[in-house]
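Letter by letter, the sequence shown follows residues 1 to 220 in UniProt numbering. Quick reminder that beta carbons are idealized off the backbone N, C-alpha and C, glycines included. Below is one structure; the comments refer to it alone.
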Amino acid sequence: MSPITAVLFDFDGTIGDTNHLISESYLHVLNKHFPGEYTTDSVRKFNGPALEEVFLGVSPEHGLELVKEYREFNHQMHDELIRAFPDVPESLERLKAHGIKLAVVSTKYNTMLRHGLDVLGLTSYFDVILGGNDYEKVKPDPEPVLLGMSRLGSEKANTIMVGDNWQDIESAHNAGIEGVFVKWSQKTVAEMAPYKPDKIAESMIELTDWILARTTEGKN
Numbered sequence: 001m002s003p004i005t006a007v008l009f010d011f012d013g014t015i016g017d018t019n020h021l022i023s024e025s026y027l028h029v030l031n032k033h034f035p036g037e038y039t040t041d042s043v044r045k046f047n048g049p050a051l052e053e054v055f056l057g058v059s060p061e062h063g064l065e066l067v068k069e070y071r072e073f074n075h076q077m078h079d080e081l082i083r084a085f086p087d088v089p090e091s092l093e094r095l096k097a098h099g100i101k102l103a104v105v106s107t108k109y110n111t112m113l114r115h116g117l118d119v120l121g122l123t124s125y126f127d128v129i130l131g132g133n134d135y136e137k138v139k140p141d142p143e144p145v146l147l148g149m150s151r152l153g154s155e156k157a158n159t160i161m162v163g164d165n166w167q168d169i170e171s172a173h174n175a176g177i178e179g180v181f182v183k184w185s186q187k188t189v190a191e192m193a194p195y196k197p198d199k200i201a202e203s204m205i206e207l208t209d210w211i212l213a214r215t216t217e218g219k220n
């Protein structure tokens with residue numbers, strides 16, 4: 001297998017544990033406008049697609065207004081509810097120490113994405129940070145992944161995309177690179193099976209060990 005020299009990470013649900021923040025933000029808006037119709041479990045399916053896609057699907061007439069309400073609540077509660085997933089800072093440190101190029105490729109609006117990285121103390125690990133304002137088409141379109149590779153100067157054979165949703169895997173495959181699914185996702189392995197991730201990462205430490213082993217093998 002080819003050595004890995006660049007890693008593109010999704011943010012929400014992959015390196016940033018925003019699952020509780022996201023579900024609370026959805027429930028705040030949806031329970032206000034559609035009382036009794038949504039639960040914590042039922043909004044789980046909204047974790048991944050762009051906000052506009054979600055809310056226009058729920059309410060074509062008022063969807064963009066609901067997006068605004070979501071963002072206002074999310075911004076208000078953001079710093080209180082966001083966390084890094086276990087071993088993320090240490091793992092990013094290891095990857096950087098071995099010369100791996102790192103990027104965040106997210107659909108989250110750039111301002112909140114950078115704020116989240118700053119709050120978690122992760123900004124300095126990344127060579128490139130891309131958010132929803134940087135693309136015309138979001139994942140699963142290949143554009144975000146291709147832009148990430150272009151900014152990093154990496155080749156398809158040596159780049160992987162790591163994410164917690166099918167959109168991450170499909171975007172990777174549509175761009176011609178490997179897609180890695182993180183098992184700490186709210187999505188299950190069974191739910192992801194139809195999208196055929198190239199690897200299922202058990203933990204951030206296991207993922208990092210695998211990347212570095214691939215890199216070492218490629219140099220031998």
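CB of residue i within 8 Å of CB of residue j, strictly
i       : j       : result
Gln-167 : Pro-49  : yes
Gly-148 : Val-128 : yes
Pro-194 : Gly-179 : no
Val-138 : Thr-111 : no
Val-7   : Val-162 : yes
Val-43  : Phe-55  : no
Phe-73  : Ser-25  : yes
Ile-177 : Val-189 : no
Ile-4   : Ile-211 : yes
Val-104 : Leu-120 : no
Tyr-135 : Pro-142 : no
Same chain only: Cβ atoms within 7 Å of residue i, ignoring 5 sequence neighbours per side
i       : result
Leu-92  : Leu-102, Leu-122, Tyr-125
Asp-118 : none
In DSSP terms, what residue i is bridged to
i           : result
residue 237 : Outside the shown range of the chain (1 to 220) lies residue 237, about which nothing can therefore be said.
Arg-214     : In the DSSP output, where bridge partners are listed per residue, Arg-214 has none listed.
Lys-199     : Val-180
Ala-190     : Answer by DSSP bridge pairing: none, since Ala-190 is not bridged.
Gly-16      : Asp-12, Ala-84
Sequence-distant residues of its chain with Cβ nearer than 8 Å to residue i (five each side left out)
i       : result
Glu-191 : Trp-166
Lys-156 : Met-149, Ala-175, Gly-176, Ile-177
Glu-52  : Gly-63, Leu-64, Val-67
Below-8 Å beta-carbon distance, residue i vs any chain B residue
i     : result
Pro-3 : Of the protein chains in this structure there is only one, and it is not chain B.
Neighbourhood of residue i by C-beta, 6 Å cutoff - its chain only, sequence neighbours within 5 removed
i           : result
Val-88      : Ile-15, Met-204
residue 273 : The structure shown has nothing for residue 273, since the chain only spans 1 to 220.
His-62      : none
Val-29      : Leu-66, Glu-69, Tyr-70
Leu-146     : Ala-175
Check your understanding: Hey, is the segment 78-88 in contact with the segment 15-33, meaning 3+ C-beta pairs nearer than 8 Å?
Key -> As far as the Cβ criterion goes, the segment 78-88 touches the segment 15-33, which means the pair count is three or higher.
Exercise for review: Please go through the segment 94-177 and give each complete alpha helix (DSSP H) segment of 4 or more residues, from N-terminal end onward.
Suggested key: Runs found: 110-120, 143-152, 166-175.
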